[in-house]
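Counting along the sequence shown from 1, when you hit position 335 you're at 335 in full-length UniProt numbering, and nothing is skipped either side. Note that the Cβ used here is the ideal one computed from N, Cα and C, for glycine as well. Below is one structure, written out as C-alpha cells; comments come after it.
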Amino acid sequence: MLTPMMRQYFEIKENYKDCILFFRLGDFYEMFFEDAKIASRELELVLTGRDCGLEERAPMCGIPFHAASSYIARLVNKGYKVAIGEQVEDPSVAKGIVKRDVIKVITPGTFIESSEDNEYKNTYLMCIIEENGSFGVAISDISTGEFKVTSFNSIKSTLLDEITKVNPKEILVDEKINESILEEISTVSQALITKRNLSKEICNEDELINKFSEVCIVNLNDLSKKVSGALLKYIYDTQKMNLTNINLLEYYDIVNYMTIDGNSRRNLELTESLKEKSKKGSLIWVLDKTATSMGGRAIRKWIEEPLIVKKEIEKRLEGVEELFNNGYFNEDLRLLLKEIYDIERIVGKISNKNVNAKDLISLRNSIDKLPGIKAHLSKSNSNILKEWFNELDELIDVKTLLSNSILDDPSISVKEGNIIRDGYNEEVDSLRTAKLHGKEWIAALENREREFTGIKSLKVGYNKVFGYYIEISKANYSSIPEGRYIRKQTLANAERFITQELKEMEDKILGAEEKLISLEYNLFVEIREAIEKEIPRLKQSARIIGNLDALSTLALIALENDYVKPSINEEGIIDIKEGRHPVVEKVIGNGEFVSNDTKLNTKDNRLLLITGPNMAGKSTYMRQVALITLMAQIGSFVPAKEANISVCDKIFTRIGASDDLAGGKSTFMVEMWEVSNILKNATSKSLVLLDEVGRGTSTYDGLSIAWSVIEYISNNKNLKCKTLFATHYHELTKLEGNIEGVKNYSVAVSEVDDNIIFLRKIIEGGADQSYGIEVAKLAGLPKDVIDRAKEILSSLENSNNDNHVEIIKEVAAEKEEKPKNKKSVFKEENYQLDFGSIEKDNLINTIANLDIMSLTPMEAMNELYKITIEAKKLK
Ligand code: ADP
Numbered sequence: 001m002l003t004p005m006m007r008q009y010f011e012i013k014e015n016y017k018d019c020i021l022f023f024r025l026g027d028f029y030e031m032f033f034e035d036a037k038i039a040s041r042e043l044e045l046v047l048t049g050r051d052c053g054l055e056e057r058a059p060m061c062g063i064p065f066h067a068a069s070s071y072i073a074r075l076v077n078k079g080y081k082v083a084i085g086e087q088v089e090d091p092s093v094a095k096g097i098v099k100r101d102v103i104k105v106i107t108p109g110t111f112i113e114s115s116e117d118n119e120y121k122n123t124y125l126m127c128i129i130e131e132n133g134s135f136g137v138a139i140s141d142i143s144t145g146e147f148k149v150t151s152f153n154s155i156k157s158t159l160l161d162e163i164t165k166v167n168p169k170e171i172l173v174d175e176k177i178n179e180s181i182l183e184e185i186s187t188v189s190q191a192l193i194t195k196r197n198l199s200k201e202i203c204n205e206d207e208l209i210n211k212f213s214e215v216c217i218v219n220l221n222d223l224s225k226k227v228s229g230a231l232l233k234y235i236y237d238t239q240k241m242n243l244t245n246i247n248l249l250e251y252y253d254i255v256n257y258m259t260i261d262g263n264s265r266r267n268l269e270l271t272e273s274l275k276e277k278s279k280k281g282s283l284i285w286v287l288d289k290t291a292t293s294m295g296g297r298a299i300r301k302w303i304e305e306p307l308i309v310k311k312e313i314e315k316r317l318e319g320v321e322e323l324f325n326n327g328y329f330n331e332d333l334r335l336l337l338k339e340i341y342d343i344e345r346i347v348g349k350i351s352n353k354n355v356n357a358k359d360l361i362s363l364r365n366s367i368d369k370l371p372g373i374k375a376h377l378s379k380s381n382s383n384i385l386k387e388w389f390n391e392l393d394e395l396i397d398v399k400t401l402l403s404n405s406i407l408d409d410p411s412i413s414v415k416e417g418n419i420i421r422d423g424y425n426e427e428v429d430s431l432r433t434a435k436l437h438g439k440e441w442i443a444a445l446e447n448r449e450r451e452f453t454g455i456k457s458l459k460v461g462y463n464k465v466f467g468y469y470i471e472i473s474k475a476n477y478s479s480i481p482e483g484r485y486i487r488k489q490t491l492a493n494a495e496r497f498i499t500q501e502l503k504e505m506e507d508k509i510l511g512a513e514e515k516l517i518s519l520e521y522n523l524f525v526e527i528r529e530a531i532e533k534e535i536p537r538l539k540q541s542a543r544i545i546g547n548l549d550a551l552s553t554l555a556l557i558a559l560e561n562d563y564v565k566p567s568i569n570e571e572g573i574i575d576i577k578e579g580r581h582p583v584v585e586k587v588i589g590n591g592e593f594v595s596n597d598t599k600l601n602t603k604d605n606r607l608l609l610i611t612g613p614n615m616a617g618k619s620t621y622m623r624q625v626a627l628i629t630l631m632a633q634i635g636s637f638v639p640a641k642e643a644n645i646s647v648c649d650k651i652f653t654r655i656g657a658s659d660d661l662a663g664g665k666s667t668f669m670v671e672m673w674e675v676s677n678i679l680k681n682a683t684s685k686s687l688v689l690l691d692e693v694g695r696g697t698s699t700y701d702g703l704s705i706a707w708s709v710i711e712y713i714s715n716n717k718n719l720k721c722k723t724l725f726a727t728h729y730h731e732l733t734k735l736e737g738n739i740e741g742v743k744n745y746s747v748a749v750s751e752v753d754d755n756i757i758f759l760r761k762i763i764e765g766g767a768d769q770s771y772g773i774e775v776a777k778l779a780g781l782p783k784d785v786i787d788r789a790k791e792i793l794s795s796l797e798n799s800n801n802d803n804h805v806e807i808i809k810e811v812a813a814e815k816e817e818k819p820k821n822k823k824s825v826f827k828e829e830n831y832q833l834d835f836g837s838i839e840k841d842n843l844i845n846t847i848a849n850l851d852i853m854s855l856t857p858m859e860a861m862n863e864l865y866k867i868t869i870e871a872k873k874l875k
C-alpha cells in the first residue's frame, strides 16, 4: 500500500501530468518516477530510490531547495514545464501529514527569470483559437505586463507570419486543433505547444472586465474575448495569483503594420544573421545602441513592425530629426536614460510579489531621472516628443515614498531586516536603539571583564547556536576567577562561558532583533503594496522611456553612420541616391562600400531586371533597397545621400537557396513554393525581391519560369508591384521594351588581362556576359579546369545548336579525338530545335537534380514512378 506521503504526491501529480513535479520535502525538491528519470537525465542528477509502499522502490532524484532556480531554468529552456509543490499549511498546526499543493507552474512562456539573453527581448506566451473562419490570437509577456489581442480571417499564411513575427516561447492551442495547422506552426516556430480544452478552460467576459476594466473589453469581438479569456485563464492557472501588472488589454490590427513573412524576415536578416543566427550581422545589430532594456525591446518591436501610415512614419521621423539636429541635447538625454533600470520588469516583480528592497532602490534611482528627462522634453518642438512630454508621469509621490522608507543599500533578502530607513517608522527606530544599546552594553562588558580578569585576549562573541559567550584561550585558563562564569563549550584552544546577566541582555537584543526583522518585513510589504497600486502609472512612464530611448538611438545611429532623413510618399516612387547596405557597409568598413542609386516607380521602372556575374553584388543591392525602405518605415534615417520612399504594405524576398531538407522539400521546390506565395499575396503597393528565380532547375525550365513570373508580375492588374529581379539568364534582358515597366540594369565589372574586377556599381542596361569562368578562377579552381571550361564555353557559344546534351557529347568526342585535328561540328549545320530532345534533356536534368538524401522512401518511389512514365513517353 502506498505511504500517505506518496498518496499525497499522486493526488497532486494527477492534475499536473504534463509537468515535472518538484515535491518539497524538507530542504529538498524531490522528483519521483518518470519525472525523476527525466530530471536525472536532463540535469545530470543521481537517480536513487525511495520506499513508497509499493513492491518496487520509487525512482527518485532531488535538488536542494535553495539552488532550485538554476535547475528550473535548465528544464524550462529545454521545453519542460515545472510544477512547484510546496507545503501550504503550517507544519506546527497540521494534523497528520502536512498539506502540500502546487503554488506555481513555470513554463517556457511564463518563465520570467531575467538573463542576459532575454533582457532586450520579450518572452511571449501566445494563444490561438480558430472559429467560424477566423483566427483569434492573444499574446502576453507576463514579465512586462503586456497583453494584446487580434483577430483576422482564417488565412494560414497570415497566422504563420504573425507567429514568426512575435516569436513566442509557448503557444496555447485547443486540444482539438487541426493537426495540419499544428504541423505548419511547428515548421515556423520552436515554441512549446500546450494543448488545453480552450472552450472550458477560459475566463468569461465578467472576469475579463474585472481584470482589465470595461473599456478594454466592450468593443472586442467574440473571438477576441474568447482567446483573451483562454490566455488569461492559463496565466491564472500557472501563476496561481492575480498579476497586477497585467492591467491593460490592447486590441491590435495586424494590417496596421507592414507584412513581412517569415522567409523574408530571415532573408533580410532583421534580427539575426542567416548563417550564424546571431545578432551580429543583422539590422538590429546596427540599429540597437539603446541605453535601457525597455529601449532595446522597443526598437526590436519597431524593426519587427514597420509602420504603413505615412503620418505616423513622418511623426517618428520628425522626432528623430529633432534629436539628430541637436546632438548635444540628445547626448545629455542619453546620459539620463543610461541610469534607468528595467522599470517594466521591476513592476513585473512587484506584481509577482518577488521584488526585493534592492529592486525598489533601482526603481527609485530610475524615477529620480524622470524630472530631468521631462525638463528635456519640455524644450522639444516635434509632435512626438511633445506628446511624450505631456504623457510622462514623473512619479514624484512614488519616489518620495521610496526615498523616505527604504535604505540606500538594503539587504537582498526581505526577511533579514536592514531594509527600512531611520525616521520612517518610530517602532523601528526604538527597536534599533534597543539593539544598539545592547551591543554597546556588550562592548562595555568585554572591557570590564578584561580588566577584572587581567586577560587581554578575552572576547565576547556570538553564534547562532549558543548566542553570546565569553571566550578565553587555553593559555589563560588559570586566570579565570572561580565561580564567575558558567562553562558552555570547549574548543581545541579555547573555552566558552556565559553569565546570567549576559544571557539576560542577549534575550533583550535578540528579542529586539527578531521584532525588528518582522516589523521591517511587514513595512516592506506595505510599501510594495502601495506601489502596486500605482502600476498603471509606472507602466506608462516605462513605455515612454522605452520609446524615447529607441527614438534617441535612431538619431544617434543616423549621426554616427551618416544617414539621411527620407521623404515619404504614397505615389509608388522609391528614389534613392547613393544608397548603401546598412549592415554590409559596417562589416567591410573603411568606407569601402560602393553606393548605388535606385529608381523604382509605377511606370517605366517597375521591375528592375538586374544581371551581372555571381559575387558582383546583386543580392546585396536588392537587400539594400528593401532595408532602406523598411528603415524609413520604422521612422529611421537611411544610409543614402537622399531618399524618397513610397510606403510599402508588404516586403517579399526570394533570395538564396534556403533548403528545407528536414521538411523533405528540395531547393527547387522551396523556391517555387516561395515564389507562389509571393505571387498570391503581393499587391501593387508591395516591394518584391526575386533572386535567381528558376536557378534550381534546368536552363529551359528555369528560363521559362523566370520569364513567365516577370510577365505575371508586370501584367496582372492586381500585382504590378515594385520588383527587383536578379538573374543570370541574359535572354531575359530582351523583355525590356516588350513588357511594360521592365528596365535592365547590371552590375559593372571591368576586365583587365583576362581577369575581372568587381566595380559594385549598378548601371543601366543588361550585362553582356556572365563571367562565370572568371569568377570560378577568382575562387581558385585549378587552371586545367578553367582552361577546359573556356574551351567548352567557346564551343557552345560558336554553335547554333541549342541542344546542350548533343553539344556535350560532341565536345567530349572532340576532346577524345584530339580536337586539333578535328573540324568543329558546331558550325556545320544550322541545328533545328527538336522538341523531343528538349524533353530528353529535361528528363536527364530532372534525374540529375534529384536530391536523394532529402527524399523519404515513399517520395523516392513516387519520383521513380514519374520518371518511368516520362521515359516511356520518349521511347
Ligand atoms: P551576388 O548576389 O551578385 O552573387 P553578393 O550581393 O552576394 O553578390 O555580393 C558579394 C559580396 O560582394 C558581398 O558579400 C559583399 O562583401 C561585396 N559587395 C556587394 N555589394 C557591394 C558594394 N556595393 N560595395 C562593396 N562591396 C560589396
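- Task: Compute every distance between the C-beta of T620 and the non-hydrogen atoms of the ligand ADP, then say whether any falls below 7 Å.
- Result: Yes - the ligand ADP has a heavy atom lying nearer than 7 Å to the Cβ of T620.
- Message: Just to check my reading of the structure: F652 and A682 have Cβ atoms closer than 8 Å, yes? What is that Cβ distance to the nearest angstrom?
- Response: At roughly 6 Å, the Cβ-Cβ gap stays under 8 Å, so F652 and A682 are in contact.
- Query: Count the other CB atoms within 10 Å of the CB of H66; is the residue buried (16 or more) or exposed (fewer)?
  - Reply: So H66 ends up on the exposed side.
- DSSP beta-bridge partners for I193? I171
- Message: Is it buried or exposed, Q633, if we count other Cβ atoms within 10 angstroms and call 16 or more buried?
- Response: buried
- Message: Quick check on the DSSP output: what are the complete alpha helix (DSSP H) runs of length 4 or more inside the stretch 553-615, in order along the chain?
- Response: 584-588
- Within 8 Å, strictly: CB atoms of I308 and Y341: no
- Task: Compute the beta-carbon to beta-carbon distance between residue 880 and I246, rounded to the nearest angstrom, for a pair I have assumed lies under 8 Å.
- Result: Since the first residue shown for the chain is 1 and the last is 875, residue 880 is missing from the structure and cannot be characterised.
- Message: Please state whether the Cβ-Cβ distance between N601 and G579 is less than 8 Å.
- Response: no
- Buried or exposed for E427, please, with buried defined as at least 16 other CB atoms from any protein chain shown within 10 angstroms of its CB. exposed
- Message: Is G133 near the ligand ADP - that is, is its Cβ less than 7 Å away from at least one heavy atom of it?
- Response: no
- Task: Given a cut-off of 8 Å, decide if L54 and I129 are closer than it, judged by their beta-carbon atoms.
- Result: no
- Query: So who's on the other strand from N463, going by DSSP bridges?
  - Reply: G467
- Message: Considering Cα atoms alone, identify which of L627, L75, I545, N522 is closest to R41.
- Response: L75
- Message: Taking the alpha carbon of S430 as the reference point, which residue from S478, A512, W707 has its own alpha carbon closest?
- Response: Nearest C-alpha to S430: A512.
- Message: So the candidates are Y700, A871, K539, Y424; which of them puts its Cα closest to the Cα of E526?
- Response: Y424
- Task: Quick one: grab the DSSP three-state call for L661.
- Result: Per-residue confidence for L661 stands at a pLDDT of 43, beneath the threshold of 50, marking its modelled position as unreliable; the derived number appears in the next sentence. Coil at L661, not helix or strand.
- Classification of R448 by the beta-carbon crowding that lies within 10 angstroms, buried from 16 upward: exposed
- Message: Quick check: what's the CA-CA separation for K459 versus N522?
- Response: 35 Å
- May I ask which residues mark the beginning and end of the alpha helix (DSSP H) holding K618? 618-634
- Reducing DSSP to helix, strand and coil, say where K761 ends up. It is a strand residue.
- Query: Using the rule of at least 16 other Cβ atoms within 10 Å of the residue's Cβ for burial, across every protein chain shown, is L436 buried or exposed?
  - Reply: exposed
- Can you grab the Cα-Cα spacing for the pair R196 / E175, in whole Å? 5 Å
- Query: Going by the beta-carbon positions, is the gap between L690 and Y712 smaller than 8 Å?
  - Reply: no
- Item | Cβ-based burial, G765 [other Cβ within 10 Å; buried from 16] | exposed
- Message: Is R760 close to the ligand FMN? I mean its beta-carbon at under 7 Å from any heavy atom of the ligand.
- Response: As far as ligands go, the structure on display features the ligand ADP and does not contain the ligand FMN.
- Inter-residue Cα distance where the pair is A138 and N153: Going by the C-alpha atoms only, they are around 15 Å apart.
- Message: Counting beta carbon pairs with one atom in the stretch 609-629 and one in the stretch 742-751, are three or more of them shorter than 8 Å?
- Response: yes
- Query: Counting along the chain, where does the alpha helix (DSSP H) carrying N153 start and finish?
  - Reply: Per DSSP, N153 belongs to no alpha helix (DSSP H); it is in the beta strand (DSSP E), 146-153.
- Message: Give the list of continuous beta strand (DSSP E) stretches no shorter than 3 residues that lie fully inside the stretch 22-82.
- Response: 28-32, 48-50, 58-64
- Query: What did DSSP end up calling V347 once you bin it into helix, strand or coil?
  - Reply: helix
- Message: Strictly by DSSP, which residues pair up with Y251?
- Response: V149
- Query: Between the C-alpha atoms of I773 and Q624, what's the straight-line distance to the nearest angstrom?
  - Reply: 27 Å
- Message: Here's a check: name, in chain order, each residue in its chain whose Cβ is nearer than 7 Å to the Cβ of C52, leaving out the five neighbours to either side.
- Response: L2, T3, M6, A58
- Item | Reference F725, options V688, I756, N716, closest by Cα | V688
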